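K.L.:
Mind looking over this structure? Questions follow.
Chains as they are written, first to last, in the working numbering: chain A, 124 to 557; chain B, 124 to 557.
Structure (structure tokens):
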């Protein structure tokens, strides 16, 4: 049986999971693949701390570069994260003609194009299935399973922390800060939750999926991103009353030669498949030209789910190494074909949910409806909610409007004008509707 | 750019879809894969009838074997179906050292072991992604994405016709025959619906998934199969009142070295992910040792969805052909490892739904509860339903029981005894609960 040597760089949570999975799963993997995937070593600056996994000390080293350079290492697994040392390790491996498996979404979102070019140049694989969706094989589905489809649209719930917070806010009517604090206590949110709750993690992932699905390199900075920080529980409640749940959605959608890519909290109809994706689960809904809608659902994070995805990539790459065709699959669909350009955010069309605190005076509702109409925005449904004591004392009542499909730019202009005219207490709050 | 020649045998609905997809998608596919997948010909006994697709007449032939034998054909796509000519075509192709793609679940379920052995012997691929789940890449997910996982359990809604009928029965309270007739009118059910509604199609598919997930060849005749024909709408209603929907589930589950494989209508809690799979959609829930639950959802049938899966396989096989490693992936996990044997159906443990027409007389409920208890079956919930006029006139009232987990054999024995003792009008009706 052929043997392929693997090195892991980064002995954190996922690294420990991959090491354990490779050692424990050796028999299963060789039975399924007909080759031996041998762990040669694990590198980390700290090789003393107990990771709670059974990895022989002889496999541990602090010298990542020496491990990568070993002649019996064929595949390098980068699990350091970030864009510093991780990038050096990946470049060193690729330049030495070794295939790389990584879960580093930030690095791929920022430097993917260069790294894939380097991999192509050296004729090796750069696999990244664990960078999006944890244990859900969505990258494989796009790359292989849906290869005959033009992807019409892709909607994803890609961040478990946000989805956990939103699920609990909807179920309990709790406030954002309370649930976030709880999520941090339970280990579902980081001490610094910025990357998650402000939507950046989701943006990294949709950036990678967009490049896979549409063969374009989408600059991260060009993706409009809005997170869920400070989401008002009143909007969660109103949405619920109207038959919607709020989810942090990543959207990627083709309109002719324009590509709409965005991340924002969105009202999802309760009858929609994505509305049932709760807690830390992730899901990606892909609308293919042949398949129609297909959905992929599972745990988007966690040591074992992510390790599963990494090992799956290691096995695929090892198969290529074993038969001497390390470039059996393109790292990404080559650029070319329809030259997509990004749709400017203000041109995105969607239905909208708008909550306004309207001055309690005769004719106010008529005035803002007129202003919306002047900007080409039609109202689909409207309801005035009971004001709290405090709101009534101030002379404002909450009104919620659902619009017909409208340009984001027109909505913004209309809301600015409504605010300027003193019809509302402050700039109205709005969200997209799926 | 390398070119790989493809022949399609069988110009039916799916064959036409694949031919169209290959011709229309040629540019997309070569852009994504870096190779040209060229359609050499399409064989069928009838090459006159209009299939509504734009395939040049010069590509059509009635001589399947001659097409398969052409030296410029590298990959043969078998879409005839059945176990006759289809098998001859596949054998001829494999023996000529050509890789094969098929959607023929019946043939694979019945003769898979031999055909895969033949493919292995000739060093070629035998791909079958379209045989289960249509456009849902579940075969790939099991083969590649979850390769590092022991599969703990697999639950599938695998037949669109049955799911359509069950969805409408639940939504409308209609009878089985009425909905079936409607489904036939709408083209969602065949004129002879036996294969679908009696569960055989589902059995073929779980047979294939079981062999993939557990590396065992499960004889089709050993799988206990129960379909949905004649399902009483009253059970759909009672299930709904108790918080369940009835789905035709295929189950494959490991218990130590025993494998539980079965197909039967099952009560699924409304809060369960599979309960939301409606209409003609299919879904497979896979519980992997590392990933936990992952779900794959989409259209399980239809020309385009199935064509998508076939073309995806053609592309994978063509990639192997192009780099000269036609056996880059094993057709199936090689046998070996844990030698699973099938769990006898009577040893399957599940909660059960039981509907009994109990004789309206003092102490009857106590008597059957005692008999259940004597067979080790505990009652989890029970409710007596209002009898219809006719039932009351006959002196029987409907009672529904949900049991705690119990052996199927014990349930059967208890129900037989209850019937023999004249406590009920006829043999009670029972279903598994997920």
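Where is the CB? At the ideal position from N, CA and C, for every residue including glycine. Since the model is a prediction, treat every value here as computed from it, not as a measurement.
(1) Expressed to the nearest angstrom, what Euclidean distance is found between the alpha-carbon atoms of residue 326 of chain B and residue 257 of chain B?
(2) Mind checking which residues open and close the alpha helix (DSSP H) that includes residue 283 of chain A?
(3) So, is the C-beta of residue 394 of chain A closer than 7 Å to a C-beta in chain B?
(4) Mind pulling the beta strand (DSSP E) runs of 3 or more residues that sit fully within the region 375–439 of chain A?
(5) Under 8 Å between beta-carbons, which chain A residues line up against residue 428 of chain B? List them in chain order, please.
(6) If residue 133 of chain B sits next to residue 203 of chain B, beta carbons under 8 Å apart, how far is it from one beta carbon to the other, in whole angstroms?
(7) Give the DSSP-derived three-state secondary structure of residue 363 of chain B in the structure shown.
(8) Figure out for me which residue from B/499, B/364 and B/171 has the closest Cα to the Cα of residue 184 of chain B.
(9) Count the other CB atoms within 10 Å of the CB of residue 518 of chain B; is the residue buried (16 or more) or exposed (fewer)?
(10) Quick check on this structure: which residue in A/337, A/487, A/437 and A/286 has the alpha carbon closest to the alpha carbon of residue 371 of chain A?
(11) Select from A/437, A/466, A/477 and A/495 the residue whose C-alpha is nearest the C-alpha of residue 558 of chain A.
(12) Use the C-beta contact count for residue 126 of chain A: other C-beta atoms within 10 angstroms, 16 or more gives buried, fewer gives exposed.
(13) Do we get a CB-CB distance below 7 Å when we pair residue 159 of chain B with the residues of chain A?
(14) Against residue 268 of chain A, what residues of chain B qualify as contacts under a CB-to-CB distance less than 7 Å, listed in chain order?
(15) Which residues of chain B have a Cβ atom closer than 9 Å to the Cβ of residue 273 of chain A, listed in chain order?
(16) Do the region 481–492 of chain A and the region 359–369 of chain A make contact, defined as three or more Cβ pairs closer than 8 Å?
(17) What is the C-beta distance between residue 157 of chain B and residue 124 of chain B, in whole angstroms, given that I count them as a contact (C-beta under 8 Å)?
(18) Anyone know if the C-beta pair for residue 268 of chain B and residue 435 of chain A falls short of 7 Å?
(19) Across which residues does DSSP place residue 473 of chain A in a beta bridge pair?
(20) Between residue 245 of chain A and chain B, is any beta-carbon pair separated by less than 7 Å?
(21) Which of the three DSSP states, helix, strand or coil, is assigned to residue 553 of chain A?
(22) Taking 8 Å as the threshold, find out whether the region 223–238 of chain B comes into contact with the region 232–239 of chain A through three or more Cβ pairs.
(23) Considering Cα atoms alone, identify which of A/196, A/197, A/189 and A/195 is closest to residue 211 of chain A.
(24) Check each candidate in A/262, A/239 and A/429 and name the one with the smallest Cα separation from residue 271 of chain B.
(25) For residue 144 of chain B, which residues in chain A fall below 8 Å Cβ to Cβ?
(26) Residue 610 of chain B touches chain A at which residues, Cβ-Cβ below 9 Å?
(27) What do you reckon, are the CB atoms on residue 223 of chain B and residue 433 of chain B nearer than 7 Å?
(28) Against chain A, does residue 418 of chain B count as a neighbour if the rule is that its beta carbon must be under 7 Å from one of theirs?
(29) Per DSSP, residue 201 of chain A is paired with what?
(30) Roughly how many whole angstroms lie between the Cα atoms of residue 259 of chain A and residue 238 of chain A?
(31) Identify each residue in the region 479–499 of chain A for which the Cβ-Cβ distance to at least one residue of chain B is less than 7 Å, and report them in chain order.
(32) Check residue 311 of chain A in the structure and name its three-state DSSP category.
(33) Please give the ranges of any beta strand (DSSP E) in the region 216–268 of chain A, keeping only runs that are unbroken, at least 3 residues long and fully inside the region.
(34) Check this for me: beta carbons of residue 187 of chain B and residue 209 of chain B, under 7 Å apart or not?
(35) Is the region 418–429 of chain B in contact with the region 292–309 of chain B, if contact means three or more CB pairs nearer than 8 Å?
(36) Evaluate residue 218 of chain A with the Cβ neighbour count: other Cβ atoms within 10 Å of its Cβ, from every protein chain shown; 16 or more gives buried, anything less gives exposed.
P.N.:
Short version:
(1) Computed Cα separation, rounded: 15 Å.
(2) Run containing residue 283 of chain A: 283–295, per the alpha helix (DSSP H) assignment.
(3) Closer than 7 Å to the CB of residue 394 of chain A there is not a single CB belonging to chain B.
(4) Those beta strand (DSSP E) runs which fall completely within the region 375–439 of chain A and span 3+ residues are 381–392, 404–411 and 415–422.
(5) Listed by position along chain A, the residues whose Cβ is nearer than 8 Å to that of residue 428 of chain B are 413, 414 and 415.
(6) About 4 Å separates the two Cβ atoms, so the contact holds.
(7) Correct three-state label for residue 363 of chain B: helix.
(8) For residue 184 of chain B, the closest C-alpha among the options B/499, B/364 and B/171 is that of B/171.
(9) It is exposed - the Cβ of residue 518 of chain B has fewer than 16 other Cβ atoms within 10 Å.
(10) Ranking the options by Cα distance to residue 371 of chain A, first place goes to A/286.
(11) Absent from the structure is residue 558 of chain A, since the part of chain A shown begins at 124 and ends at 557.
(12) The C-beta of residue 126 of chain A has fewer than 16 other C-beta atoms within 10 Å across all chains shown, which makes the residue exposed.
(13) Chain A, which has no Cβ nearer than 7 Å to the Cβ of residue 159 of chain B, makes this no.
(14) The contacting residues are 260, 263 and 435.
(15) Those within 9 Å of residue 273 of chain A in chain B are 148 and 151.
(16) Touching, no.
(17) Between residue 124 of chain B and residue 157 of chain B the Cβ distance is about 7 Å, and since that is below 8 Å, they are a contact.
(18) Yes, they are a contact pair.
(19) Residue pairing from DSSP places residue 473 of chain A in a beta bridge opposite A/529.
(20) At a cut-off of 7 Å, the C-beta of residue 245 of chain A has no neighbouring C-beta in chain B.
(21) Secondary structure of residue 553 of chain A (DSSP, three-state): strand.
(22) Proximity of the region 223–238 of chain B to the region 232–239 of chain A falls short of the contact definition, fewer than three beta-carbon pairs being nearer than 8 Å.
(23) Between residue 211 of chain A and the set A/196, A/197, A/189 and A/195, the nearest pair of CA atoms involves A/189.
(24) Nearest neighbour of residue 271 of chain B by Cα position, chosen from A/262, A/239 and A/429, turns out to be A/429.
(25) Going along chain A in sequence order, the residues near residue 144 of chain B (Cβ under 8 Å) are 271 and 413.
(26) Nothing can be reported for residue 610 of chain B: it is not among the residues displayed for chain B, which extend from 124 to 557.
(27) Taking a C-beta distance under 7 Å as the contact criterion, residue 223 of chain B and residue 433 of chain B do not qualify as a contact pair.
(28) At least one chain A Cβ lies under 7 Å of residue 418 of chain B.
(29) Bridge partners of residue 201 of chain A: A/132 and A/225.
(30) Between residue 259 of chain A and residue 238 of chain A, the C-alpha separation is close to 24 Å.
(31) For the region 479–499 of chain A, which is checked against every Cβ of chain B, not one residue is closer than 7 Å.
(32) In the three-state DSSP reduction, residue 311 of chain A falls in the coil class, being neither helix nor strand.
(33) The qualifying runs are 222–225.
(34) No, these two residues do not count as a Cβ contact at 7 Å.
(35) Not touching, per the Cβ criterion.
(36) Label assigned to residue 218 of chain A: exposed.
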